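*Asks:* Protein sequence lines, in the order shown, are assigned to chains A and B.
For what it's worth, this note's numbering labels the leading residue of the first sequence as 1, then goes sequentially.
For what it's worth, this note's numbering labels the leading residue of the second sequence as 152, then goes sequentially.
Every residue gets a Cβ at the ideal spot worked out from N, C-alpha and C, and that includes glycine.
In this text the structure is predicted, and so the values were computed from the model without any measurement.
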Amino acid sequence: MIRRWHAVAAATLVTAAAALFVVGGSTAARPVSLTTTGTRYTATVLIADPAPGQATVEIEVSRGDADSVSLSAVMAEMGHATPEISATEREPGRFVAVGELFPMNGVWELSIRLDGPAGEEQLTAKTLIALRRVRRCSSTSTRARGPSGSG
Amino acid sequence: MIRVLCLTAALVLVPAAPAAAHNVTAGADLRIAQTIAGAEVTVVVKGTTRVPGPLWIGVVAYQPVSGPPIGLEVRSAEDGHTVTGTVRAAANPQYARLQVERTGPHELRLSAGNETAVIPFRVLVERESAGGVLIYGGLFVAALLLVGGLLTGTPARPGRAMALAAGAAAGVTVAAMVIVFESQVPAPAPEGAAPTSTTSAARGRPYAQVRAETVPARPEAGEEFTLRVDLVDGSTGRPVDDLVAHHEALAHVIVTSEDGRYFRHVHPLRTAPGRLEVRLSADRPGRYLAHAELEREDSGGQLVAADFTVGGTVKASATDSGETGAPAPTVTPRLRPAVPVAGRPTTIEAATPAGVRAWLGMTGHLLIRSQDGDFFGHVHEMGAPGSRVRFTFSFPEPGRFLAWVQYAIADRIVTVPFTVQVTAPETR
Chain A
1 MIRRWHAVAA ATLVTAAAAL FVVGGSTAAR PVSLTTTGTR YTATVLIADP APGQATVEIE
61 VSRGDADSVS LSAVMAEMGH ATPEISATER EPGRFVAVGE LFPMNGVWEL SIRLDGPAGE
121 EQLTAKTLIA LRRVRRCSST STRARGPSGS G
Chain B
152 MIRVLCLTAA LVLVPAAPAA AHNVTAGADL RIAQTIAGAE VTVVVKGTTR VPGPLWIGVV
212 AYQPVSGPPI GLEVRSAEDG HTVTGTVRAA ANPQYARLQV ERTGPHELRL SAGNETAVIP
272 FRVLVERESA GGVLIYGGLF VAALLLVGGL LTGTPARPGR AMALAAGAAA GVTVAAMVIV
332 FESQVPAPAP EGAAPTSTTS AARGRPYAQV RAETVPARPE AGEEFTLRVD LVDGSTGRPV
392 DDLVAHHEAL AHVIVTSEDG RYFRHVHPLR TAPGRLEVRL SADRPGRYLA HAELEREDSG
452 GQLVAADFTV GGTVKASATD SGETGAPAPT VTPRLRPAVP VAGRPTTIEA ATPAGVRAWL
512 GMTGHLLIRS QDGDFFGHVH EMGAPGSRVR FTFSFPEPGR FLAWVQYAIA DRIVTVPFTV
572 QVTAPETR
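1) Counting only Cβ pairs nearer than 7 Å, list the residues of chain A close to G231(B).
2) From which residue to which residue does the alpha helix (DSSP H) around Y287(B) run?
3) In this structure, how does DSSP classify A457(B) when only helix, strand and coil are distinguished?
4) Run through chain B and tell me which residues come within less than 8 Å of A81(A), C-beta to C-beta.
5) By how many angstroms is the C-alpha of P50(A) removed from the C-alpha of V192(B)?
6) How about T35(A) and E121(A): do their beta carbons lie closer than 9 Å?
7) Does the beta carbon of A76(A) come closer than 9 Å to any beta carbon on chain B?
8) Cβ of D449(B) less than 9 Å from any chain A Cβ?
9) Quick one: measure Cβ to Cβ for S262(B) and G222(B), integer angstroms, because I've assumed they're closer than 8 Å.
10) Should I183(B) and L401(B) be called a contact, given that it needs their Cβ atoms to be closer than 9 Å?
11) Would you say L63(A) reaches chain B, if we count a Cβ-Cβ gap shorter than 9 Å as a contact?
12) Mapping DSSP to helix, strand and coil, what is T267(B)?
13) Distance check for H80(A) and Y246(B), CA to CA, integer angstroms please.
14) I need the boundaries of the alpha helix (DSSP H) containing G310(B), first residue and last residue.
15) Please report how far the alpha carbon of T199(B) lies from the alpha carbon of H257(B), in whole angstroms.
16) So, helix, strand or coil for H232(B), using DSSP?
17) So which residues of chain B does L128(A) contact, with C-beta pairs closer than 8 Å?
18) Within this structure, are the beta carbons of V329(B) and L285(B) separated by less than 9 Å?
19) For A554(B), list the residues DSSP reports as bridge partners.
20) Within the same chain, show all residues whose beta-carbon is closer than 7 Å to that of T475(B), passing over the 5 residues directly before and after it, in chain order.
21) Leaving out the 5 sequence neighbours to the left and right, which residues in its chain are closer than 8 Å to L290(B) when beta-carbon positions are compared?
22) With DSSP as the reference, identify every bridge partner of K466(B), one or two as the case may be.
23) Taking all protein chains shown into account, decide if A489(B) is buried (16 or more other Cβ within 10 angstroms of its Cβ) or exposed.
24) What is the DSSP secondary structure of P390(B), reduced to helix, strand or coil?
25) Enumerate in chain order the residues of its own chain whose CB-to-CB distance from P367(B) is below 7 Å, with the five nearest sequence positions on each side excluded.
26) Mapping the DSSP letters down to three states, classify R205(B) as helix, strand or coil.
27) Roughly how many angstroms separate the alpha carbons of A559(B) and A241(B), rounded to a whole number?
28) Using only the alpha-carbon positions, how far apart do L315(B) and G288(B) sit?
29) Out of A307(B), H403(B), S386(B), which has the shortest C-alpha to C-alpha gap to P357(B)?
30) Identify the residues that DSSP records as bridge partners of A73(A): which are they?
31) Would P357(B) count as contacting chain A if we go by Cβ distances under 9 Å?
32) Please classify E100(A): is it buried, with 16 or more other beta-carbons within 10 angstroms of its beta-carbon, or exposed?
33) Would A505(B) pass as an interface residue toward chain A - the criterion being a Cβ-Cβ separation below 9 Å?
34) Return no unless some Cβ of chain A is closer than 9 Å to the Cβ of S262(B).
35) Are any of the Cβ atoms in chain A nearer than 9 Å to that of S545(B)?
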């Protein structure tokens, strides 16, 4: 009889844990994908492993003919800024940047500076860089500067 | 054991709370005051409960607004999808319906005449809480097992009865635990919310440096000019583009002439990241002071100051308080004590006509400047009964202070200028 009650208790605990897991949301670690559109370019940033340290960031330019793409990041909360890294064009419209973009965990604003015949534009996207496994992501505003310096 | 498990789960799974900056959710309107087309208006964006869904946008006027309707453009910063509309500013405006296709970052572009403001905001939609499903699901499963078991005669067999009891107990336990612990487990972040860090202990952001200029650089009296304020992060050197709506504005800018005869309380337009601009004109040459109150996301309020010079000669049509319509009332506010003492609370009360409207979220505003302009204060009305506004403020030092009481009535903003002579506390 006692063993059965143990089984009941165990089943209850497992069910309750599963319930809390659902309430709290999924903890599945997943890569970050952010799309941001400006007036000239649309860029999708892919970060396979959004953790502090050496980062590999892939930028897919799906609108606008970008010749060069550079990345830098700012952690507004702490007032940290990282140097700009030039991305290498692996194939048309697909750039990859490797470097120390996110020295610590927290919310980082990624600035993507694109340049091409259409002019220069800076797009931004916010991402959470986390040691922990709970991650969220999204993108934010854009900034454009035309070839003539207007806007 | 269960309690430990739950608390551990609650601590590990704490979802990120959404940032409060410029979020548009159902039931929480975004209100941003703007000085556009020469008038004070407040843009109101009402949230949606779903996407695709409607955003209702209206422009509340506090002064007569002439000219064509204000152009609206809402653009998703993710996919660039853009919708447009127009709206006419009025005291009780009609709202324009603009369809948004997704949550997340958007930009609202306002156009009036040759002025344009770009207001970044986020469309958020609340997620369904899993708690309700679990509570009702748990109870439903328990009831089903018990009733089903009884009807099929399961209690006659001890093994099945135990399994039945276990299943029912699990269902009831899930429901009970969710009821007990749901309040401790924060609600999931709405769809479209900005990422937030739950681990960082940092609170607040670096100070903003201000770089102010006028366009043209040396405006003439009577000539319209633009006051441009560029905000720069003191730690990164990057434009400060994370201002939150602080008392319903990205920034409250008070422009006064050195002698205090000229006064404008305006709300500049964000024309580019970190850049705020407002059109002004001054009828007298001389030095002018600009005090800007603003607040960065996750930070407290901040005051930045700048000055500029207007050239030329005095224009005959000088209006000091920037009002339109009837002249300002000449009633001087009542002070208690009549002669304020530095460092002690002083109550300032001014009679108002009937029908005072809330403006910038408050019934009344009191702006205070020391004679030399080094000190600046902004006090809010305390909710006085009857037709009056009441403020309490401790003047920091003896001397002469310039003060302006402001409130809004049906078709205009009333400004009551006065001066206060503050004495030193008695020395004993």
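*Replies:* Reading it off the structure:
1) Against chain A, a Cβ distance below 7 Å from G231(B) picks out T37, T42.
2) Segment 281 to 302, the alpha helix (DSSP H) holding Y287(B).
3) In the three-state reduction of the DSSP assignment, A457(B) falls in the strand class.
4) Ordered by position in chain B, the residues that pass the 8 Å Cβ test against A81(A) are S386, T387, G388, R389.
5) Approximately 43 Å between the Cα atoms of the pair.
6) In this structure, T35(A) keeps its C-beta atom at 9 Å or more from the C-beta atom of E121(A).
7) Residue-level contact by beta carbon holds for A76(A) and chain B, with a gap shorter than 9 Å.
8) Yes, its Cβ sits closer than 9 Å to a Cβ of chain A.
9) Correct: roughly 4 Å between the Cβ atoms.
10) Against a cut-off of 9 Å, the Cβ pair of L401(B) and I183(B) comes out as a contact.
11) The sequence given here places Arg at residue 63(A); Leu does not occur at that position. The C-beta of R63(A) comes closer than 9 Å to at least one C-beta of chain B.
12) Correct three-state label for T267(B): strand.
13) For Y246(B) and H80(A), the distance between alpha carbons rounds to 41 Å.
14) For G310(B), the enclosing alpha helix (DSSP H) starts and ends at 309 to 332.
15) Taking the CA atoms as reference points, T199(B) sits about 14 Å from H257(B).
16) Here H232(B) sits in coil by DSSP.
17) Chain B residues near L128(A): A167, P346, T347, S348.
18) Their beta carbons are under 9 Å apart, which means V329(B) touches L285(B) by this criterion.
19) Bridge partners of A554(B): I519(B), F569(B).
20) With a pLDDT of only 46 at T475(B), under the threshold of 50, the placement of this residue in the model should not be trusted; the figure read from the coordinates follows. Within the same chain, T475(B) has close Cβ partners Q214, P215, R563.
21) Answer for L290(B): G322, V323, A326, listed in chain order.
22) DSSP, once it has assigned bridges, lists no residue as partnering K466(B).
23) By the Cβ-count criterion, A489(B) is exposed, with fewer than 16 other Cβ atoms from all chains shown falling within 10 Å of its own Cβ.
24) Residue state, collapsed to three classes: strand.
25) Cβ contact annotation for P367(B) (same chain, cutoff 7 Å, sequence separation greater than five): F376, in chain order.
26) Sequence check: residue 205(B) is Pro here, not Arg. Residue state, collapsed to three classes: strand.
27) Between the alpha carbons of A559(B) and A241(B) lies a distance of about 14 Å.
28) Taking the straight line joining both Cα atoms gives about 16 Å.
29) It is S386(B) whose Cα lies nearest to the Cα of P357(B).
30) A73(A) pairs with L110(A).
31) P357(B) counts as touching chain A.
32) Exposed.
33) No - not a single Cβ of chain A is within 9 Å of the one on A505(B).
34) Under the Cβ criterion of 9 Å, S262(B) is not counted among the residues facing chain A.
35) So, not an interface residue.
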